[in-house]
Amino acid sequence: MRDFILDANVLMSMLISGKAIYKPLLREYTFISSDFAFIEIEKYQTLIQNKTRIDIENFRQFSYFLFSHIHFMPAYLVEKDAKQKAIILVKDIDPKDVSYVALSIQLNLTLLTRDISLYEGLQKKGFRNVQLFDAFLRNA
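Listed below in structure tokens is the structure:
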């Protein structure tokens, strides 16, 4: 499988690190995220910019590269059934993750996350289409 769903915390950690290792991954794999990720990134933009490990020009260039290699799906494309299943799965974990889980369900793709509580909570509920991003990196 070469296609994956990314949640906002993975995107934010990529932006903060600016690591060159992500460029070949972004070229080799197809990553899809929810348009909700933009809200999260906007909310934490100051934190992201303050924590980045690269200078502002390289940060901009890396951001352009990253966003040109990720496909963002608008909420209206998510089917009602997938969203309902996602709501049930994440209601007691983190409701903000509904859009990512719904995309994973609808597209039958693995959700990559750095959110350990999301990963463990979904696993406990029998949802196996989720993987920690660091485990993905080790195997990529």
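Per the working numbering, the sequence shown starts with residue 2, numbered consecutively. Note that the Cβ used here is the ideal one computed from N, Cα and C, for glycine as well.
With a beta-carbon spacing of about 4 angstroms, serine 100 and serine 35 fall inside the 8 angstroms limit used to define contacts.
Aspartate 82: member of the alpha helix (DSSP H) spanning 81-91, first to last residue. Rounded to whole angstroms, the separation of the alpha carbons of valine 91 and glycine 122 is 8 angstroms.
When DSSP states are grouped into helix, strand and coil, threonine 47 belongs to the helix group.
In the DSSP secondary-structure assignment, isoleucine 33 is bridged to Ile6 and His72.
Following the DSSP letters along the chain, one finds leucine 113 inside the beta strand (DSSP E) bounded by residues 111-114.
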